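Going letter by letter, the sequence shown gives residues 1 to 332 in this note's numbering.
Where is the CB? At the ideal position from N, CA and C, for every residue including glycine.
For clarity, every value in this text was computed on a predicted model and none was experimentally measured.
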Amino acid sequence: MKRVFIIGMVLAVAFTVEAQTKNYVTFQAEIANKNGDFISLRDNKKVYKKIQVNKDGFFKDTINIKEGMYQMYDGVEYTDLYLKNGYDLTLKMDAKVFDESIVYSGVGANENNYLAQSTIAESKFDFDKVLALKEVDFNTQVDEKCKADLLKLESSNLDATFVALQKKKIEGSKVGMKQYYAEALKKQQLNNTMASPFDYLNFKGGNTKLSDFKGKYVYIDVWATWCGPCRAEIPFLKKVEEKYEGKNIAFVSISVDVQKDFEKWKKFVAEKELGGVQLFADKDWNSDFIKSFSINSIPRFILIDPTGKVVSADAARPSSPKLQEQLDGLLK
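Okay, here's the thing in structure tokens:
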């Protein structure tokens, strides 16, 4: 029995040493209801490797990797991964219930199961509810969340480098939430104040002023042709414009494209058959109207009442049901 035990110990040590000295990751998966024939491993949105998935949803590959965080994207959804050479990782999941079904086994499973479970926990955190709190209560809630997340991480007996990366992420998330809250407060302070005027070039010719819409509600979309999330809202905006056609509201889109892209903007508006009133800001991000709302990211939506007063300095997006709920209440 003693010799068997010793041999077992030797094999276990040998296996550990081999895992530590491998200069590649072995990664395989069984995916039910796959979304596509390939998955992509991404490193900061750049594709690190593309792997083919067979008709049964199975793949297996070896990858020489730089230790760190990656994302596995299946063409529809993605999940975070932590990879380092020596890992021998197996994933089982159902793409129809993507995050909820993810389970890893093998070397490296603990870190990646932690990531999968953290994603589910984050999705259950009611960030909108916390944002509605008073500042003191908001800070308390965020601090408590950060403390709980760190405690869970430190008690999970995970890879030291992974833990260091996750600590940095948790602390960064806390700072980010507090910055977001501070910016939200600034936006709220603009509500019920008179909107700064504008006088911008109209796609159809001439200039258009904010005062031209006096007596109407004005829903403003601040965007640019290069902005992916802005373009994603266009189909929804068209539907909203169609629903409220003939109502007491004007839909105005203000482009912050730089001057050299003026012709690109005109071509985009024409080809995409954009509706509403299409305007081109005179000094892109430095335009007075844009600066008055402290706009530093787009798309941004603003709702102004018939007197020129701001209803919402950070209005709901066209893709959000909240917008139509609000407009239905105002345009009875």
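Exercise for the section: Count the CB pairs spanning the stretch 263-274 and the stretch 299-312 that are closer than 8 angstroms, and state whether there are at least three. Expected result: no
Practice task
Could you round the C-beta distance between M69 and D61 to whole angstroms and report it? I think they count as a contact, below 8 angstroms.
Solution key: Working through the sequence shown from its first residue, we reach residue 69 at position 69. Working through the sequence shown from its first residue, we reach residue 61 at position 61. So it is not a contact: roughly 19 angstroms between Cβ atoms.
Practice task
Output the distance between the C-alpha atoms of E18 and M72, rounded to the nearest integer angstrom.
Solution key: Here residue 18 corresponds to residue number 18 of the sequence shown, with the count starting at 1. Here residue 72 corresponds to residue number 72 of the sequence shown, with the count starting at 1. A caution first: E18 carries a pLDDT of 47, below 50, which makes its placement in the model unreliable, though a value can still be read off. One C-alpha to the other measures close to 26 angstroms.
Exercise for the section: Pull up the DSSP beta-bridge partners for T79, would you. Expected result: Residue mapping note: residue 79 aligns to position 79 of the sequence shown, counting from 1. T79 is bridged to M72.
Exercise for the section: Specify the secondary structure class of T225 as computed by DSSP and reduced to three states. Expected result: Residue 225 sits at position 225 when you count from the first residue of the sequence shown. It is coil, neither helix nor strand.
Handout entry: C-alpha distance - L41 paired with I65, whole-angstrom precision
Key = Within the sequence shown, numbered from 1, the residue matching residue 41 stands at position 41. Within the sequence shown, numbered from 1, the residue matching residue 65 stands at position 65. In a straight line, the C-alpha of L41 is about 11 angstroms away from that of I65.
Handout entry: Whole-angstrom distance between A316 and K322, CA atom to CA atom
Key = Here residue 322 refers to the residue found at position 322 when the sequence shown is read from its first residue. Here residue 316 refers to the residue found at position 316 when the sequence shown is read from its first residue. Roughly 6 angstroms between the two C-alpha positions.
Problem - Buried versus exposed, by CB contacts within 10 Å (16 or more), E111 - result: Your numbering for residue 111 matches position 111 in the sequence shown. So E111 counts as buried.
Exercise for the section: Going by CA-CA distance only, name the one from I234, L303 and D284 that's closest to N248. Expected result: Here residue 248 refers to the residue found at position 248 when the sequence shown is read from its first residue. Measuring from the Cα of N248, the nearest candidate turns out to be L303.
Exercise for the section: Please classify V258: does DSSP put it in a helix, a strand, or coil? Expected result: Looking up residue 258 in the sequence shown gives position 258. DSSP places V258 in coil when its eight states are reduced to three.
Problem - 7 angstroms CB neighbourhood of L158 in its chain, flanking five on each side removed - result: Mapped onto the sequence shown, residue 158 falls at position 158. Cβ within range, chain order: N110, E111 and Y114.
Exercise for the section: Could you check the C-alpha separation between F138 and M177 for me, to the nearest Å? Expected result: The count along the sequence shown starts at 1 and reaches residue 138 at position 138. The count along the sequence shown starts at 1 and reaches residue 177 at position 177. Using only the alpha carbons, I get a separation of about 10 angstroms.
Handout entry: Limits of the unbroken beta strand (DSSP E) element including A29
Key = In the sequence shown, counting from the first residue as 1, residue 29 sits at position 29. Where A29 is concerned, the enclosing beta strand (DSSP E) stretches over V25 to A32.
Practice task
Please check the pair K187 and A313, which I expect to be a contact at CB under 8 angstroms, by giving their CB distance rounded to whole angstroms.
Solution key: Start at 1 with the first residue of the sequence shown, and residue 187 comes out as number 187. Start at 1 with the first residue of the sequence shown, and residue 313 comes out as number 313. Rounded, the Cβ-Cβ distance is 4 angstroms, consistent with contact.
Problem - Burial state of D257 (16 or more Cβ within 10 Å) - result: For the purposes of this step, residue 257 is taken as residue 257 along the sequence shown, with counting starting at 1. Counting Cβ neighbours within 10 Å, D257 comes out buried, since at least 16 surround it.
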